[in-house]
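In the working numbering, the protein residues as written are 121 to 369.
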């Protein structure tokens with residue numbers, strides 16, 4: 121705002137301008153979050169519809185009861201996703217200790233069967249002597265779901281989830297054995313519409329959730345065998361450690 125010559129009036133004008141900027145940023149983030157969350161649910165709903173339509177196709181020989189069981193499992197997963205996203209949209213970030221072991225147990229139970237149905241394997245590795253971390257189990261579950269779904273859709277071979285120590289910060293890697301991300305492609309850029317792939321809106325949501333929790337999500341190896349790395353937030357300390365840069369292994 122232009123200076124009026126009155127220090128008190130200028131200070132108030134500057135404060136109002138900063139407040140307006142913050143409100144505008146929050147509104148933009150809320151719109152982006154809504155679009156990302158809608159994409160996740162539409163993608164899951166498309167999967168349910170395809171599962172139910174398959175045994176109804178002319179000449180289909182698939183078991184309708186098996187399709188109903190699978191569709192029911194997908195609906196239950198949608199309910200969990202919706203509950204998580206609504207809670208994350210309304211609440212302040214959780215600053216509680218995050219235990220990766222029970223989180224990964226749930227992730228493995230869900231994704232093992234889906235990948236096995238594609239003739240693929242899920243491998244989970246948890247290193248010893250892991251650093252402490254804080255965060256929301258809801259956000260962590262959604263971040264990992266997006267990354268594994270992306271590896272399933274675009275990757276090949278075994279999907280590996282590894283939890284490790286990265287310079288004193290808890291790191292989670294998700295990688296597969298595919299060719300990788302094409303050169304010049306930013307997988308986190310929103311495409312502006314919902315698709316069934318794991319790129320774009322889904323990954324943008326995962327990164328938004330990771331950053332909202334105080335962490336960082338980035339591509340640590342684009343090709344071959346692409347790897348996404350999530351640096352989970354550190355506990356609050358008197359002399360906080362800086363998160364490693366994306367180039368840090």
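Where is the CB? At the ideal position from N, CA and C, for every residue including glycine.
CA-CA distance, residue 126 to residue 143, rounds to 26 Å. In this structure, the alpha-carbon of residue 326 lies about 24 Å from that of residue 238. In the pairwise beta carbon analysis, the segment 238-256 is classified as not touching the segment 298-310: fewer than three pairs are separated by under 8 Å.
Under the criterion of beta carbons closer than 8 Å, residue 261 and residue 226 qualify as touching, at roughly 7 Å. Residue 346 is a Cβ neighbour of residue 275, given a cutoff of 8 Å. The Cβ neighbour count for residue 331, taken over all protein chains shown within 10 Å, is under 16; the residue is labelled exposed. In the structure shown, residue 190 adopts helical secondary structure according to DSSP, grouped into three states. The C-beta of residue 283 has 16 or more other C-beta atoms within 10 Å across all chains shown, which makes the residue buried. Bounds of the alpha helix (DSSP H) holding residue 264 are 257-274. Looking only at 281, 300, 302, 301, the smallest Cα-Cα distance to residue 292 is reached by 281.
Residue 186 and residue 172 have their alpha carbons spaced roughly 10 Å apart. DSSP, reduced to helix, strand and coil, places residue 184 within a helical segment of the structure shown.
Per DSSP, the unbroken alpha helix (DSSP H) holding residue 229 starts and ends at 220-237. Relative to the Cα of residue 258, the nearest Cα in the group 169, 333, 133, 241 belongs to 333. In this structure, the CA atom of residue 232 is about 47 Å from the CA atom of residue 139.
Comparing alpha-carbon positions, the option among 340, 342, 335, 341 lying closest to residue 353 turns out to be 335.
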